[in-house]
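Student:
Residue numbers (the working numbering): 609 to 849.
#1: What does a CB cutoff of less than 8 Å around residue 782 pick up in its chain, not counting 5 residues either side in sequence?
#2: Taking only three categories from DSSP, how would you classify residue 644?
#3: Within the same chain, show all residues whose beta-carbon is closer than 6 Å to that of residue 697, passing over the 5 residues directly before and after it, in chain order.
#4: Report, in whole angstroms, the separation of the C-beta atoms of residue 841 and residue 778, which I expect to be a contact under 8 Å.
#5: Kindly indicate the opening and closing residues of the alpha helix (DSSP H) around residue 759.
#6: In whole angstroms, what separates the C-alpha of residue 690 from that of residue 818?
#7: Using only the alpha-carbon positions, how far apart do residue 677 and residue 640 sit?
#8: By how many angstroms is the C-alpha of residue 710 removed from the C-alpha of residue 744?
#9: DSSP on residue 708, reduced to helix/strand/coil?
#10: Measuring only the C-alpha atoms, how far is residue 673 from residue 790?
#11: Consult DSSP for residue 792 and reduce its assignment to one of helix, strand or coil.
#12: Looking at the secondary structure, which residues open and close the beta strand (DSSP E) in which residue 782 lies?
#13: Is residue 678 a contact residue of the ligand ZN, with contact defined as CB to any heavy atom under 7 Å?
#14: If we call anything under 8 Å between Cβ atoms a contact, is residue 755 one with residue 718?
#15: For residue 620, count neighbouring Cβ atoms within 10 angstroms of its own Cβ and tell me buried if that reaches 16, exposed if not.
#16: May I ask you to report which of helix, strand or coil DSSP gives residue 652?
#17: For residue 749, does the count of other Cβ atoms within 10 angstroms reach 16, so buried, or fall short, so exposed?
#18: I'd like to check one pair, residue 845 with residue 742: are the Cβ atoms closer than 8 Å?
#19: For residue 661 and residue 728, what's the separation of their Cα atoms in angstroms?
#20: Answer yes or no: do residue 848 and residue 794 have a C-beta to C-beta separation smaller than 8 Å?
In structure tokens form, the structure reads like this:
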């Protein structure tokens with residue numbers, strides 16, 4: 609006689625949290641779109657001439673705004689169970705330069721928490737076909753976690769190397785780590801380690817779940833090693849071809 613597994617039904621708490629996050633995501637779309645309009649007006653010098661430094665800052669702000677709009681849209685796809693709708697749009701991406709741009713973009717956030725970036729990149733550039741925005745969203749989620757959970761001062765290392773038919777991008781930190789008995793839950797919805805909850809660190813518990821969906825859309829794989837109190841290494845493996 610064959611045994612059938614019961615399908616897990618979401619708890620009321622999970623349903624409430626999903627509904628809340630869905631509402632927040634919808635509410636974010638409007639102000640982000642309005643902000644984009646203001647940024648574009650400033651970039652077009654509708655309010656007067658800009659210096660080169662001001663143009664550079666506005667270009668960076670515009671890119672961050674565009675990334676956030678895309679991020680909200682993709683979050684909505686995942687939270688509404690439309691993960692099959694996450695379509696990768698591959699194009700050539702030079703990974704070393706790409707990682708440098710992410711470190712630059714998040715440098716102010718890291719500095720605010722007394723953290724800093726270290727880059728361990730190959731001398732020869734590695735270029736692959738992948739969806740730059742999906743990969744950026746995935747890495748940003750991982751890096752923000754590393755910064756958040758590296759209490760006090762610390763270094764976040766971004767490492768790139770190629771091995772056989774894949775490239776590996778690793779984010780390493782010396783933060784609080786993940787308890788060993790909970791590591792099998794890391795990529796599930798709303799997971800938050802007991803050592804995080806006890807420290808009252810804010811978060812939704814969705815970051816790594818959503819990151820896994822992005823990496824899957826890129827035909828890649830995400831793994832990690834972690835030791836509580838010592839730190840965590842998260843690695844994304846992507847096909848070169």
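No residue lacks a Cβ here, since even glycine has one placed at the ideal position from N, Cα and C. It should be emphasised that the depicted structure is a prediction, and the values quoted were computed from it without experimental measurement.
Tutor: The short version:
#1: For the purposes of this step, residue 782 is identified with residue 174 of the chain shown, where counting begins at 1. Exclusion of the five residues before and after residue 782 leaves 758, 762, 763, 838 and 839 as the residues of its chain whose Cβ lies within less than 8 Å of its Cβ.
#2: Working through the chain shown from its first residue, we reach residue 644 at position 36. It is helical.
#3: For the purposes of this step, residue 697 is taken as the residue at position 89 of the chain shown. A distance below 6 Å between beta-carbons, with the five flanking residues on each side excluded, links residue 697 to the following residues of its chain, in chain order: 739.
#4: Taking the first residue of the chain shown as position 1, residue 841 is located at position 233. Taking the first residue of the chain shown as position 1, residue 778 is located at position 170. Right, the Cβ-Cβ distance comes to about 6 Å (below 8 Å), so this counts as a contact.
#5: In the chain shown, residue 759 corresponds to position 151, counting from 1. From DSSP, residue 759 is part of no alpha helix (DSSP H); its letter is neither H nor E.
#6: Position 82 of the chain shown, counted from the start, is the residue given in the question as residue 690. Position 210 of the chain shown, counted from the start, is the residue given in the question as residue 818. Any reading at residue 690 must be qualified, since the residue scores a pLDDT of 49, below 50, and its modelled position is unreliable; the value itself is stated next. Counting only the Cα atoms, residue 818 lies some 12 Å from residue 690.
#7: Taking the first residue of the chain shown as position 1, residue 677 is located at position 69. Taking the first residue of the chain shown as position 1, residue 640 is located at position 32. In this structure, the straight-line span from the alpha carbon of residue 677 to that of residue 640 is close to 7 Å.
#8: Start at 1 with the first residue of the chain shown, and residue 744 comes out as number 136. Start at 1 with the first residue of the chain shown, and residue 710 comes out as number 102. Residue 744 and residue 710: Cα-Cα distance of roughly 7 Å.
#9: Taking the first residue of the chain shown as position 1, residue 708 is located at position 100. The three-state reading of DSSP puts residue 708 in helix, counting H, G and I together.
#10: As a first step, residue 673 must be located in the chain shown, where it is residue number 65. As a first step, residue 790 must be located in the chain shown, where it is residue number 182. Rounded to whole angstroms, residue 673 to residue 790 spans 35 Å at the Cα level.
#11: Here residue 792 corresponds to residue number 184 of the chain shown, with the count starting at 1. If DSSP states are grouped into helix, strand and coil, residue 792 belongs with the helices.
#12: The residue labelled residue 782 in the question sits at position 174 within the chain shown. Boundaries for residue 782: no beta strand (DSSP E) harbours it, and the DSSP string shows neither H nor E there.
#13: Inclusion of the ligand ZN in the displayed structure is not the case, the ligand content being empty and no account of it being possible.
#14: For the purposes of this step, residue 755 is taken as the residue at position 147 of the chain shown. For the purposes of this step, residue 718 is taken as the residue at position 110 of the chain shown. Yes. Within cutoff.
#15: Working through the chain shown from its first residue, we reach residue 620 at position 12. Exposed, since its Cβ has fewer than 16 Cβ neighbours within 10 Å.
#16: Along the chain shown, read from residue 1 onward, the residue named residue 652 stands at position 44. In the three-state reduction of the DSSP assignment, residue 652 falls in the coil class, being assigned neither a helical nor a strand state.
#17: Stepping through the chain shown from its first residue, residue 749 is reached at position 141. Taking all protein chains in view, the Cβ of residue 749 is crowded by 16 or more other Cβ atoms within 10 Å, so the residue is classified as buried.
#18: Along the chain shown, one-based indexing puts residue 742 at 134. Along the chain shown, one-based indexing puts residue 845 at 237. Against a cut-off of 8 Å, the Cβ pair of residue 845 and residue 742 comes out as no contact.
#19: Here the question's residue 661 lines up with position 53 in the chain shown. Here the question's residue 728 lines up with position 120 in the chain shown. So the alpha carbons of these two residues sit roughly 29 Å apart.
#20: Position 240 of the chain shown, counted from the start, is the residue given in the question as residue 848. Position 186 of the chain shown, counted from the start, is the residue given in the question as residue 794. For residue 848 and residue 794, no; Cβs fall outside 8 Å.
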